[in-house]
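Working notes for the structure below.
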Amino acid sequence: MNNTAIARALTGIADLLEIRGENPFKVRAYRRATRTVEGLTRPLAAMVDAGADLTTLPGIGRDIARVITELVQTGESGRLSDLEREIPATLGDLMRLNGIGPRRARQLHDALRIETLADLRNALERGDVERIPGFGPKTAETIRQSLSRPRGPVRFRLADVEPIVDDMVAWLRAAPGIERLEPAGSYRRRAETVGDIDLLAICSAPGPVVDRFTSYEGVSRVVARGSTRASVVLASGMQVDLRIVERESYGAALHYFTGNKAHNIAVRALGVSRGLRISEYGVFRVTSETDADPAAMPAMSHDGTEPAHGDGAGSTGSVQTSGQRIGGETEEDVFRAVGMSYVPPELREDRGEIEAAGRGAIPDLITQNDIRGDLHMHSTWSDGRDSIETMVQGCVERGYEYMAITDHSPAVGVVNGLTPERLERQLREVESVRANYPMIRIFAGMEVDILGDGSLDLPDAYLDRLDIVIASIHSGMRASKQAMTDRILRAIAHPAVDVLAHPTGRLINEREPYEVDLEAVLEAAAAHDVAVELNARPHRLDLCDVHVRRARELGVRIMIDTDAHAVGGLRYMAYGIDQARRGWLARTDVLNTLHLPEFEAWLRRRNRR
DNA sequence: GCCGTTTTCGGCCCGACTGTTTTCAGTCG
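All residue numbers for the first sequence refer to the numbering used here, where the first residue is 409 and numbers rise by one.
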């Protein structure tokens, strides 16, 4: 059983415990364990087989370790089965809908015998739902809409969200009184997909800003609007939340709304242990007097009562907290208060960054300026849209020291792959372009297909003439895990291969990764000194952040390449850098940060293999 | 159920908004 399946089982237990009304902290313990499993870089099955002590993992104690071990060894969990006998597992699905939490899922089941989404739909049609005490017509309508919403991808790819964010930010900046405006949330963490957009603002008058926000032309529906926050849904289905805060709270709010949630909870818990209260309003020292006297808190402002035509003169809401403020204008205030060094947004996933920042051990993450070359791109010789020369110019403009043209091999019919004969001609063109661009080293390379048996789609005599050989899979992706792994391992062992490209074949929101023992692949890559690619194309981003981090742990050399199919694609390097940072990579972990002489020395290692 | 640089027991993040209510529960992030 793989980590994803284990995480799903733990979530199932959490859902059912919650519906059952168990101690919420017990529920939270299972959810925290789920996140730990999801963020784990190693397969739990391998850890169990090796006799590793799972309770050393954060949030996993004796009981949950036992559940995991049982899942690995038997494929089932007695804990989960017991719960499912008592409560239908499908009730967990109901909680995924808007307006339904654990309590209402339970009420629906108890009052109307609802178990599935189909049951719920029928009950809504009969009008039964709104007659349950505490539900009412509006709640029923919220559920109905959530249920009827098209089941498209609930998360959008980062690169698809970026233009929307840019546009909304530009629109909002024109609102009167805007002092500062910045996206937060998973967008700021540069997650590969984004569920909704969070915008954070400081402004002198919230009314007009909220008005401008809700009147953005892409808005299809206003979900909520108050004096300090508002939410809209765009025609694309993307939800956008705007929060308005005071300047003195900006850093605390930015930290809070950047998340992720698990990271926030961990930081706040650290605060509690130091006698601090951390909220989006700031960091406060808890004092017994203010704690004991809620009346000492400032009264609620009246801004929220009539927001539709806000006079714009009100304050941005009063601070709903107590205690002595000790910081909050900057994010650094928050981290400093709990003894942490600054944590870059990309690392805020509660995957060890809290502990690392406590020890001052946050790595110096790679930046785009560290990149010296792009080693994977295509030209009109195969399925690219721009000539070799145009691609070279693009790389020169980006200030690279080196690059590689790597067109496809012939196995993939539709991409016009290069036969040995056409490769000869292409190499001559590369040679002639080189003469005109002495400021950049142009490597002649190829993206060679790994065939079904693990052999390469080009005779060795030709491979040896190339400066760099990238091996990758474009066909036969439904082979068994064993077959796929053997196939890739054989390619990695081939002495001509320098790089394994897009190692899992996944396409975000389009295609699952193929079945492969990635752990074995990464170990082999490290052993043979074959680089593993972090493919920066926004729909690939292959490897994912967790696997990037695992590759680094195993000492694998990582290469970040754009796989550009047109000169415009060279800009995708930025997304590769985002993902690399999320995988904790420093400059020194990435091969194409080497200057040309060192990079060439690495390529020459092939002669020694 | 987990966890400990105050703790092996007694805590566990914090606030806004909505709907259905007459003072708050539930949901959401």
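Ideal placement from N, C-alpha and C gives every residue a C-beta, glycine not left out.
Query: Residue range of the unbroken alpha helix (DSSP H) whose run includes Glu1006; Result: 1004–1011
Query: Reduced DSSP secondary structure (H/G/I, E/B, other) of His671; Result: helix
Query: CA-to-CA distance, Gln987 to Gly720, given in whole angstroms; Result: Because the pLDDT of Gly720 is 29, which lies under 50, any placement of that residue in the model is unreliable, and the question is left without a value.
Query: Residue interval of the beta strand (DSSP E) (run including Asp649); Result: 647–653
Query: Assigned secondary structure, Tyr810 (DSSP; H/G/I helix, E/B strand, else coil); Result: strand
Query: Local conformation of Asp461 per DSSP, three classes; Result: coil
Query: contact_flag[the segment 853–866, the segment 808–827] where n(CB pairs < 8 angstroms) is 3 or more; Result: yes
Query: Rounded C-alpha distance that separates Glu697 from Arg682; Result: Per-residue confidence for Glu697 stands at a pLDDT of 43, beneath the threshold of 50, marking its modelled position as unreliable; the derived number appears in the next sentence. Going by the C-alpha atoms only, they are around 17 angstroms apart.
Query: Where Thr970 falls, given that 16 or more other Cβ within 10 Å makes a residue buried; Result: buried
Query: Assigned secondary structure, Glu763 (DSSP; H/G/I helix, E/B strand, else coil); Result: helix
Query: Which listed residue (Asp950, Ser489, Tyr750, Gly507) has its alpha carbon closest to that of Lys546; Result: Gly507
Query: Cys952 - DSSP class collapsed to helix/strand/coil; Result: coil
Query: Tyr980 and Ala944 closer than 7 angstroms at C-beta; Result: yes
Query: As assigned by DSSP and simplified to three states, the class of Glu754; Result: helix
Query: Start and end residues, beta strand (DSSP E) containing Gly853; Result: 849–857
Query: Collapsed DSSP secondary structure at Ala721 in the structure displayed; Result: Since pLDDT at Ala721 reaches only 29, below the 50 mark, its modelled position is unreliable, and the value read off the structure follows with that caveat. If DSSP states are grouped into helix, strand and coil, Ala721 belongs with coil.
Query: Gly881, DSSP secondary structure in three states; Result: According to the sequence provided, residue 881 is Ile. The question's Gly does not apply to it. Of the three classes helix, strand and coil, the one that applies to Ile881 here is coil, per DSSP.
Query: Which residues DSSP lists as bridging Asp606, in chain order; Result: Asp649
Query: Within 7 angstroms, strictly: CB atoms of Ala733 and Thr666; Result: Looking at the sequence shown, residue 733 is not Ala but Arg. No, the Cβ-Cβ distance between Arg733 and Thr666 is not below 7 angstroms.
Query: Simplified DSSP assignment, three categories, for Ile896; Result: helix
Query: Rounded straight-line distance, which links the Cα of Glu832 to that of Ala869; Result: 12 angstroms
Query: Close-in-space but distant-in-sequence residues of the same chain around Arg1013 (CB under 7 angstroms, 5 per side omitted); Result: Asp937
Query: Gly736 burial status per 10 Å Cβ neighbour count (16 or more: buried); Result: buried
Query: Nonlocal neighbours in the same chain, by C-beta distance under 7 angstroms from Lys434, ignoring five residues either side; Result: Leu425
Query: Pair within 7 angstroms by beta-carbon distance, Glu688 and Ala660; Result: yes
Query: Start and end residues, alpha helix (DSSP H) containing Ile985; Result: 981–990
Query: Same chain only: Cβ atoms within 8 angstroms of Glu740, ignoring 5 sequence neighbours per side; Result: Gly659, Tyr750
Query: Buried versus exposed call for Arg655 [16 or more other C-beta atoms within 10 Å across all chains shown]; Result: exposed
Query: Option in Leu516, Asp906, Gly544 with minimal Cα separation from Ala531; Result: Leu516
Query: Start-to-end residues for the alpha helix (DSSP H) that takes in Arg830; Result: 828–844
Query: Separation of Ile762 from Ile686, as counted between CA atoms; Result: 15 angstroms
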